[in-house]
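A.B. asks:
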Amino acid sequence: MLGNVGFTIMSEPLDAAKQNDVVTYGVSLARAVSPQAELVGEINGRWSTRNGVAPVGTESRAIARLGGRYTRGPIRLDGAALFGLTSIDPSVGMTVGLTFVFAAFSLQ
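All residue numbers for the sequence shown refer to my numbering, where the first residue is 1459 and numbers rise by one.
In structure tokens, the structure reads:
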């Protein structure tokens, strides 16, 4: 399990002289089901620290991602379903990815 927390100062999109402070966060986990395959999950987003309604573009947001990853040699294929956790996030989505792992250079 991995996690991170940060603090971001976001300028207000409609008034650059103002700002909104948000806490950014993420938690992920991966569980091997075979030497080549893993089940993965993640939640990430931001939480507005402003009292009342946050300015447009700086609101609290969050997405949950559930999927899998398959590795064979230098090729990694992954896919996941996305679920919005706030009223302004997309309700459902999907993502796919392809990675080719190689050694670019050696430090020896």
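Even for Gly, the Cβ is constructed at its ideal location relative to N, Cα and C. Just so it is clear, the structure is predicted and the values come from calculations on it, not from any experiment.
Can you give the Cα-Cα distance for S1549 and W1505, rounded to whole angstroms?
C.D. replies: Locating residue 1549 in the sequence shown gives position 91, where the first residue counts as 1. Locating residue 1505 in the sequence shown gives position 47, where the first residue counts as 1. Near 18 Å, if we compare the C-alpha coordinates of W1505 and S1549.
A.B. asks: Taking DSSP's pairing of strands, which residues face T1482 in a bridge?
C.D. replies: Along the sequence shown, read from residue 1 onward, the residue named residue 1482 stands at position 24. DSSP lists G1464, R1504 as partners of T1482.
A.B. asks: Could you give the DSSP three-state label for S1564: helix, strand or coil?
C.D. replies: Counting from 1 along the sequence shown, the entry for residue 1564 is found at position 106. Looking at S1564 - three-state DSSP - the assignment turns out to be coil, as it is neither helix nor strand.
A.B. asks: Run through DSSP, which three-state label would M1552 get?
C.D. replies: Mapped onto the sequence shown, residue 1552 falls at position 94. Strand, per DSSP.
A.B. asks: Buried or exposed, going by whether 16 or more other CB atoms sit within 10 Å of the CB of V1491?
C.D. replies: Start at 1 with the first residue of the sequence shown, and residue 1491 comes out as number 33. Exposed, because fewer than 16 other Cβ atoms sit within 10 Å of the Cβ of V1491.
A.B. asks: Go ahead and pull the three-state DSSP assignment for V1498.
C.D. replies: The count along the sequence shown starts at 1 and reaches residue 1498 at position 40. In this structure, V1498 counts as strand in the three-state DSSP scheme.
A.B. asks: DSSP state of S1469, grouped into three classes?
C.D. replies: Here residue 1469 is taken as the residue at index 11 of the sequence shown, counted from 1. Correct three-state label for S1469: strand.
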